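Note sheet for the following structure.
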Amino acid sequence: IKAAGIVAALTIASKIFGFVRETALAAGFGATYATDAYLVGQVIPSLLFAAVGAALSTTFIPVFAEAYHAEGREGAYRMACTVMNVTILLAAGVIVVGELLAEPLTRMVAPGFRGEVLYLSIRLTRYMFPMVMFQALSGLFTGMLQTQGEFTVPAVVGLLFNAVIIFSIVVLGPAFGIPAVAWGTTAAVAAQALAQIPALRRRGFRWRAIIDWKDPRLIHVGALVLPVLLCSAAGQLGIMVDRMLASRLTEGSISALNYGNRLMGLPSGVIGTAIATVLYPTLSQLAAAKDMERFRAALSEGIRMLNFLLVPMSVGLMVLRVPVVRLAFQRGAFDAEATEATAFALLFFCVGITGFSLRDLVSRGFYSLHDTRTPMIVGIGTVGLNIVLNLMLVGPLKHGGLALATSVASLAGLCVLLWLLRERLGHVDGKAIVGSLWRVAASSVAMGAAVGLVKGRVEAVWPGGSVAVQAMRLAVEVGVGVVVYGACAAALKVPEMKLVVRVGRSALGKRKVYRYGH
């Protein structure tokens with residue numbers, strides 16, 4: 009629990025840094041063709057970057073742990089060098105092919121781009137392709153460290169990643185333009201990998217130029233990587249399709265989607281990731297002990313807690329979307345028109361905030377039961393549904409339709425996962441979840457209505473466009489929302505109010521450490 013808490017805290021810090029990164033990008037470049045070109049230039053490298061990194065860090069851990077147990081540290085490191093060197097060769101080949109095919113790949117990703125924006129996108133794609141190599145190595149380094157009980161260093165490198173990109177935007181961007189941000193993105197991924205090397209060296213690791221083609225674990229890693237790679241690639245494919253369709257819309261549509269997605273990711277990423285990270289070890293321990301009753305109780309508490317925290321945040325962000333976007337981004341090159349476009353995307357992303365986090369939590373429930381195949385199949389199906397909905401909704405709702413398609417597909421995937429988990433466990437404490445959810449939903453609607461009424465009056469009484477005035481207005485509106493939601497939740501006797509108090513007391517040291525399922 010202590011390690012999970014540290015990782016959760018560092019994840020929160022990384023999300024905040026990521027938000028600062030997006031704010032800096034918005035201030036420096038706005039929602040313009042330059043930002044669109046940068047985001048499109050990221051698509052193919054990022055597809056490989058996210059898919060390869062996630063697959064390697066997920067599948068390498070059990071194989072490395074097996075070698076460590078059977079042959080000791082030296083034997084495990086020898087196997088790791090074999091996997092690492094093969095990975096370097098494969099990644100180098102991918103980079104060479106990517107550099108040569110950057111133009112047709114970019115035209116495929118952004119078929120609506122023409123002229124200057126197209127050729128800028130091609131340049132930026134070439135600048136960012138080398139990050140595939142560094143992300144693959146970072147995934148291996150993370151697996152080696154986590155197997156040996158080191159969780160802090162792999163979590164800290166997320167902060168370093170964002171810090172390097174922020175530096176490239178703020179310091180290099182004014183002089184060199186958007187290409188500096190592309191260089192900075194590649195440098196940030198390289199920094200993620202290199203920053204983990206000292207921790208590995210302290211644990212006795214030394215790189216060796218060896219490849220043992222006869223090592224059966226090399227084949228085993230390759231076999232394990234494939235399904236995870238497919239699932240990760242499918243998720244990135246959905247993002248690529250979003251940007252392909254958005255490239256045919258008005259200038260800045262891709263950027264508006266990106267900024268709206270980043271704002272949506274704050275509550276789901278911070279709260280959802282923190283709860284899932286803390287709960288995951290407990291679920292794994294209960295599954296290993298075959299204690300399914302407490303497993304169901306712990307999972308139910310996690311689901312209800314996410315609903316309790318994220319449903320009102322979703323409603324509040326819907327109501328306050330314009331002032332939130334204005335405060336977060338509207339400065340420099342990011343004008344009022346960009347604010348409206350981003351707020352429109354954010355409105356539809358808010359529909360899926362709770363679903364995104366719950367899907368991650370329920371997937372971890374399957375992982376705790378040693379079932380990675382089910383989330384993979386559902387994940388691929390969700391991406392397929394997302395693409396179909398994209399094609400249906402992009403016409404009437406433009407880039408807002410792409411955001412809505414993502415949210416609806418995520419909710420559908422969540423429902424399928426919950427149904428499959430219920431079939432496997434017998435039940436998932438559905439009565440308690442539904443009983444809590446309707447109270448949370450009613451309280452959230454009341455809160456949204458109250459905030460909507462207060463919002464207009466606060467802006468009329470307290471005009472002004474300075475950052476300080478905007479922040480104070482927003483603080484008043486959020487404060488009203490918190491009070492109204494808390495009062496309604498207490499009146500309706502939402503059970504999670506007691507859980508929040510218990511967790512708060514635990515954090516203050518007034519009670520023993522709170523554990524899910526107890």
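In this text, residue positions in the sequence shown follow this note's numbering: the first is 9, and each later residue adds one. Every residue, glycine too, gets a C-beta built ideally from N, C-alpha and C. In this text, all values refer to a predicted model and were calculated from it rather than measured experimentally.
At least 3 beta-carbon pairs within less than 8 Å: the segment 315-330 vs the segment 443-460: Under the Cβ criterion (8 Å, minimum of three pairs), the segment 315-330 counts as touching the segment 443-460.
Distance CB(residue 172)-CB(residue 185) smaller than 7 Å: Cβ distance not < 7 Å, so residue 172 and residue 185 don't count as in contact.
Rounded separation between residue 18 and residue 434 - CA only: Taken atom to atom, the span from the alpha-carbon of residue 18 to that of residue 434 is near 36 Å.
Spatial distance of residue 203 from residue 165 (CA atoms): Between the alpha carbons of residue 203 and residue 165 lies a gap of roughly 7 Å.
Inter-residue spacing [alpha-carbon to alpha-carbon] between residue 54 and residue 498: Near 45 Å, if we compare the C-alpha coordinates of residue 498 and residue 54.
Rounded Cβ spacing between residue 341 and residue 37 (contact assumed at less than 8 Å): Confirmed, about 6 Å.
Cβ pair count under 8 Å reaching 3, the segment 414-433 against the segment 365-376: Result yes; three or more Cβ-Cβ pairs closer than 8 Å.
Pick from 122, 394 and 124 that is closest to residue 420, judged by C-alpha positions: Comparing Cα-Cα distances from residue 420 to each of 122, 394 and 124, the minimum goes to 394.
Whole-Å CB distance - residue 213 paired with residue 152, under 8 Å assumed: 7 Å between Cβ atoms; contact.
Three CB pairs or more closer than 8 Å across the segment 304-321 and the segment 343-354: Because the criterion of three Cβ pairs below 8 Å is not met, the segment 304-321 and the segment 343-354 do not touch.
Helix, strand or coil at residue 244 according to DSSP, with G and I counted as helix: Residue 244 falls in the helix class under three-state DSSP.
From 163, 255 and 145, residue whose alpha carbon lies closest to that of residue 89: Among 163, 255 and 145, the Cα nearest to that of residue 89 is on 145.
Residues near residue 437 by beta carbon distance below 6 Å, same chain, minus five either side: So the list reads 304 and 308, once near-sequence residues are dropped.
Close beta carbons around residue 359, own chain, < 6 Å, minus the five adjacent residues each side: Within the same chain, residue 359 has close Cβ partners 415.
Proximity winner among 111, 105 and 413, relative to residue 584 (alpha-carbon distances): The requested residue 584 does not occur in the structure, where the chain is confined to residues 9 to 526.
Residue 29 burial status per 10 Å Cβ neighbour count (16 or more: buried): Residue environment for residue 29: buried (at least 16 other C-beta atoms within 10 angstroms of its C-beta).
Backbone CA spacing between residue 108 and residue 128 [nearest angstrom]: Approximately 16 Å, taken between the alpha carbons.
Proximal residues to residue 27 (C-beta, below 7 Å), its chain only, five neighbours per side dropped: Sequence-distant Cβ neighbours of residue 27 in its own chain, meaning closer than 7 Å and more than five residues away, are 270 and 274.
Ranges of the alpha helix (DSSP H) found wholly within the segment 395-458, counting only runs of at least 4: Runs of alpha helix (DSSP H) with 4 or more residues, each lying fully within the segment 395-458, are found at 407-433, listed in chain order.
Element boundaries [alpha helix (DSSP H), containing residue 350]: Its alpha helix (DSSP H) spans residues 344-357.
Three-state secondary structure assigned by DSSP to residue 213: In this structure, residue 213 counts as coil in the three-state DSSP scheme.
Residue closest to residue 355, alpha-carbon to alpha-carbon, out of 473, 44, 332 and 368: Out of 473, 44, 332 and 368, 332 has the C-alpha closest to the C-alpha of residue 355.
Contact check, residue 132 vs residue 190, beta carbons under 7 Å: Going by C-beta atoms, residue 132 is nearer than 7 Å to residue 190.
Buried/exposed call for residue 258, threshold 16 Cβ in 10 Å: Of the other Cβ atoms in all chains shown, fewer than 16 fall within 10 Å of the Cβ of residue 258; this residue is therefore exposed.
Proximity below 7 Å, CB of residue 1 to CB of residue 118: Nothing in the structure corresponds to residue 1, since the chain is present only between 9 and 526.
For residue 159, the three-state DSSP class (helix, strand or coil): Of the three classes helix, strand and coil, the one that applies to residue 159 here is coil, per DSSP.
Expected contact under 8 Å - CB spacing of residue 388 and residue 237 to nearest Å: That belief does not hold up - the Cβ atoms of residue 388 and residue 237 are roughly 12 Å apart, past 8 Å.
Beta-carbon proximity list for residue 123, same chain, < 7 Å, skipping 5 on both sides: If we look at residue 123 and ignore the five residues flanking it on each side, it has no Cβ neighbours.
Cα-Cα separation, residue 222 to residue 159: Rounded to whole angstroms, residue 222 to residue 159 spans 31 Å at the Cα level.
Between the CA atoms of residue 440 and residue 489 - distance to the nearest angstrom: Inter-residue distance for residue 489 and residue 440 is about 25 Å (C-alpha atoms, whole angstroms).
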